[in-house]
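Asker: Take 1 as the starting number for the sequence shown in UniProt numbering and just add one per residue.
Don't be surprised by glycine CBs; every beta carbon is placed ideally from N, CA and C.
Once you've had a glance at the structure underneath, I'll fire off some questions.
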Amino acid sequence: MSGVRLLAALRSPVAPRGGALSRLELPALGAPVLRAAVAAAGLAPEAVDELVLGNALGAGGNPARLVALAAGLPERVGGLTLDRQCCGGLDALVVAAAMIASGQAEIVAAGGVESYSRRPLRLRTDPEGGPPAAYDRPPFTPWPELDPEMDAAADALGAEGGIPRVEQDAWAIDSHAKALAADLSGEIVPLAGLGRDVFTRVLSPPLAARAPVLSGAITAANAAVAADGAAICILVSERVAARLGREGLRYRGGLTLGGRPDMPGLAPVAAIRTLLERQGLTAADLSVAEIMEAYAVQAIACLRGAGLDPAIVNPGGGGLARGHPVGASGAINAVRLVHELRARGGVGIAAIAAAGGLGTAVLLSS
1 MSGVRLLAAL RSPVAPRGGA LSRLELPALG APVLRAAVAA AGLAPEAVDE LVLGNALGAG
61 GNPARLVALA AGLPERVGGL TLDRQCCGGL DALVVAAAMI ASGQAEIVAA GGVESYSRRP
121 LRLRTDPEGG PPAAYDRPPF TPWPELDPEM DAAADALGAE GGIPRVEQDA WAIDSHAKAL
181 AADLSGEIVP LAGLGRDVFT RVLSPPLAAR APVLSGAITA ANAAVAADGA AICILVSERV
241 AARLGREGLR YRGGLTLGGR PDMPGLAPVA AIRTLLERQG LTAADLSVAE IMEAYAVQAI
301 ACLRGAGLDP AIVNPGGGGL ARGHPVGASG AINAVRLVHE LRARGGVGIA AIAAAGGLGT
361 AVLLSS
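So this is what it looks like as structure tokens:
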């Protein structure tokens, strides 16, 4: 089986729903990032074998195919769209690496694209012939009592783990501060006149304290804002990397595991621990960890459960400082991980939770 290398990783800016990226349909959002990532890897579009994208809020139609065509990839690239909610963008890397390792492909673009702003309305038909009823999201478990709203699930996680609001707010404040201090320009492909993550700001304790409450200790300050964005990584076989004379980063492994449906924020813990164990590593071997901050409480619970050093977690800020473009968020974490590892070296992990009790983790090394 072939080893896998990651040669390039780029993303769009992230903008809140209804903001600067809100007029862009999925092809217009993802194609510029895809073209830039392919070029950054030293490849021509014709060389790409497949595109795998996470997307959770679209109306079907295989958005990966649309993005591939819009970016000028060959018509033979069919595109594969994954809907595993927030995990999809990171799952895309796992699927791409498996394609390469098994010999099905040698060059695969993988990531995610999501437009909260352009997501379609959902209607459920009435079996009795009445008018369709609108609904916000599909069920994530067969049992309503184990399928809480995400804000309520996050609040329950904080109560169960003894993580008070003041600690959650402090994490959010720190996330914004780190993002403000970081130079992220090398990973961002400008779109719609935007070259940075516009939601990042100075978040003070008084401002966090005044944030509207969403559920218990969960507020608009310590929960990630719904957002639009895209991210693409280019994975290749070791043979292709050698031919190009580019070492890139080594893809060490990745997996998705299920956990408690009613406590989805904890699911990445098992994924992180299992992935490290399979590689003969411990949390102490990591130089950086990119953990999705859908909620501050979820990030705190994950780093505690996985035994991660807080000093290495999200050094350039996290989802709280950017926003959460659901199916793209895991891929954005992967892009952040790539750029941190290029600067620091060593071994790094990216992880994300998803509704229904899912957790995905990917391990890379320099």
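#1: For a test of the three-state rule: what should DSSP assign to isoleucine 163, helix, strand or coil?
#2: Any idea what DSSP makes of serine 366, helix, strand or coil?
#3: What number of angstroms, rounded off, separates the C-alpha of glycine 254 from the C-alpha of leucine 364?
#4: Compare the C-alpha of glycine 105 against each of Leu214, Glu293, Val95, Ala334 and name the closest.
#5: Quick check on the DSSP output: the alpha helix (DSSP H) that includes serine 329 runs from which residue to which?
#6: Using the C-alpha atoms, what's the distance from proline 144 back to valine 14?
#7: Mind reading off the beta-carbon distance from alanine 64 to glycine 79? Whole number of angstroms is fine, and I expect it under 8 Å.
#8: With burial defined as no fewer than 16 other Cβ atoms inside 10 Å of the residue's Cβ, what is the status of valine 338: buried or exposed?
#9: Can you give me the start and stop residues for the beta strand (DSSP E) that valine 347 sits inside?
#10: When the Cα atoms are used, what is the spatial distance from valine 202 to glutamate 187?
#11: In chain order, what are the residue ranges of uninterrupted alpha helix (DSSP H) at least 4 long that sit wholly in the region 67 to 144?
#12: Determine the DSSP secondary structure at proline 16, reduced to helix, strand or coil.
#13: In its own chain, which residues sit with a C-beta less than 6 Å from the C-beta of alanine 192, not counting the 5 before and 5 after it?
#14: Thinking C-alpha only, which one of Phe199, Ala242, Ala217 is nearest aspartate 228?
#15: Buried or exposed for serine 204, going by 16 or more other Cβ atoms inside 10 Å?
#16: Note down, in chain order, each residue of its chain lying with its Cβ closer than 7 Å to the Cβ of aspartate 68, except the 5 sequence neighbours on either side.
#17: Does the separation of the CB atoms of isoleucine 312 and alanine 343 fall below 7 Å?
#18: Kindly identify the DSSP beta-bridge partner or partners of threonine 200.
#19: What whole-angstrom Cβ distance do alanine 56 and aspartate 83 have, given they're in contact under 8 Å?
#20: Can you give me the Cβ contacts of arginine 273 inside the same chain, cut-off strictly under 7 Å, excluding the 5 residues immediately before and after it?
#21: So the alpha helix (DSSP H) leucine 266 belongs to, where does it begin and stop?
#22: Closest by CA to alanine 271, which one among Leu146, Ile349, Glu46, Leu93?
#23: Which whole-angstrom value describes the C-beta separation of aspartate 169 and alanine 208, a residue pair presumed to lie in contact below a C-beta threshold of 8 Å?
#24: What are the start and end residues of the beta strand (DSSP E) that includes leucine 53?
#25: Along the alpha helix (DSSP H) that carries glutamate 238, what are the first and last residues, could you check?
#26: Do glycine 330 and residue 393 count as a contact pair if the criterion is CB distance below 7 Å?
#27: Can you tell me the Cα-Cα spacing of leucine 29 and serine 175, whole angstroms?
#28: Identify whether glutamate 290 lies in helix, strand or coil by the three-state DSSP scheme.
#29: Measuring straight from C-alpha to C-alpha, what distance separates aspartate 285 and glycine 103?
#30: Give me the DSSP bridge partner(s) of alanine 152.
#31: Within 7 Å (strictly less), CB to CB, does leucine 29 reach chain D?
Answerer: Let me spell this out:
#1: The residue you call residue 163 lines up with position 163 of the sequence shown. The answer is coil: DSSP assigns isoleucine 163 none of H, G, I, E or B.
#2: Translated into the one-based positions of the sequence shown, residue 366 becomes position 366. In this structure, serine 366 counts as coil in the three-state DSSP scheme.
#3: What you label residue 254 is simply residue 254 of the sequence shown in a count that begins at 1. What you label residue 364 is simply residue 364 of the sequence shown in a count that begins at 1. So the alpha carbons of these two residues sit roughly 9 Å apart.
#4: For the purposes of this step, residue 105 is taken as the residue at position 105 of the sequence shown. It should be pointed out that residue 105 corresponds to alanine in this sequence rather than to glycine. When each option's Cα is compared against that of alanine 105, the closest is Val95.
#5: As a working note, residue 329 is residue 329 in the sequence shown. Start and end: 326 to 344.
#6: Along the sequence shown, one-based indexing puts residue 14 at 14. Along the sequence shown, one-based indexing puts residue 144 at 144. Rounded to whole angstroms, valine 14 to proline 144 spans 32 Å at the Cα level.
#7: Here residue 64 is taken as the residue at index 64 of the sequence shown, counted from 1. Here residue 79 is taken as the residue at index 79 of the sequence shown, counted from 1. Yes, alanine 64 and glycine 79 are in contact; Cβ-Cβ is about 3 Å, under 8 Å.
#8: Position 338 of the sequence shown holds residue 338. It counts as buried.
#9: For the purposes of this step, residue 347 is taken as residue 347 along the sequence shown, with counting starting at 1. In this chain, the beta strand (DSSP E) harbouring valine 347 covers 347 to 354.
#10: Taking the first residue of the sequence shown as 1, we reach residue 202 at position 202. Taking the first residue of the sequence shown as 1, we reach residue 187 at position 187. About 22 Å.
#11: As far as the region 67 to 144 is concerned, its whole alpha helix (DSSP H) runs of at least 4 residues are 88 to 101.
#12: Start at 1 with the first residue of the sequence shown, and residue 16 comes out as number 16. Proline 16: strand per DSSP, three-state reduction.
#13: In the sequence shown, the residue the question calls residue 192 occupies position 192. Around alanine 192: Ala20, Leu21.
#14: Counted from its first residue, the sequence shown places residue 228 at position 228. In terms of CA proximity to aspartate 228, Phe199 leads the group Phe199, Ala242, Ala217.
#15: Taking the first residue of the sequence shown as position 1, residue 204 is located at position 204. With fewer than 16 Cβ atoms within 10 Å of its Cβ, serine 204 is classed as exposed.
#16: Counted from its first residue, the sequence shown places residue 68 at position 68. The question names aspartate, but residue 68 is alanine in the sequence shown. So the qualifying residues of the chain are Leu51, Val77, Gly79.
#17: Walking along the sequence shown from the start, residue 312 turns up at place 312. Walking along the sequence shown from the start, residue 343 turns up at place 343. Going by beta carbons, isoleucine 312 and alanine 343 fall outside the 7 Å limit.
#18: As a first step, residue 200 is located in the sequence shown; it is residue number 200 there, counting from the start. For threonine 200, which the question treats as bridged, DSSP gives no partner whatsoever.
#19: What you label residue 56 is simply residue 56 of the sequence shown in a count that begins at 1. What you label residue 83 is simply residue 83 of the sequence shown in a count that begins at 1. Cβ-Cβ separation between alanine 56 and aspartate 83: approximately 6 Å, consistent with a contact (criterion under 8 Å).
#20: The residue given as residue 273 occupies position 273 in the sequence shown. Hits under 7 Å: Ala306.
#21: Taking the first residue of the sequence shown as 1, we reach residue 266 at position 266. Counted as a single uninterrupted DSSP element, the stretch harbouring leucine 266 is not any alpha helix (DSSP H), since DSSP gives it neither H nor E.
#22: Residue 271 sits at position 271 when you count from the first residue of the sequence shown. Selected option, being the one with the closest Cα: Ile349.
#23: Locating residue 169 in the sequence shown gives position 169, counting from the first residue. Locating residue 208 in the sequence shown gives position 208, counting from the first residue. Aspartate 169 to alanine 208, Cβ: 4 Å. Contact.
#24: Within the sequence shown, the letter at position 53 stands for residue 53. According to the DSSP assignment, leucine 53 belongs to the beta strand (DSSP E) that extends over 50 to 54.
#25: Here residue 238 is taken as the residue at index 238 of the sequence shown, counted from 1. Its alpha helix (DSSP H) spans residues 238 to 244.
#26: The requested residue 393 is not part of the displayed model; the chain covers only 1 to 366.
#27: Residue mapping note: residue 29 aligns to position 29 of the sequence shown, counting from 1. Residue mapping note: residue 175 aligns to position 175 of the sequence shown, counting from 1. The alpha-carbon of leucine 29 is positioned some 25 Å away from that of serine 175.
#28: Translated into the one-based positions of the sequence shown, residue 290 becomes position 290. Secondary structure at glutamate 290: strand, using DSSP grouped into helix, strand and coil.
#29: Translated into the one-based positions of the sequence shown, residue 285 becomes position 285. Translated into the one-based positions of the sequence shown, residue 103 becomes position 103. Roughly 30 Å between the two C-alpha positions.
#30: Here the question's residue 152 lines up with position 152 in the sequence shown. Among the bridge pairs identified by DSSP, alanine 152 is matched with none.
#31: Protein chains in the displayed structure number just one, and chain D is not present.
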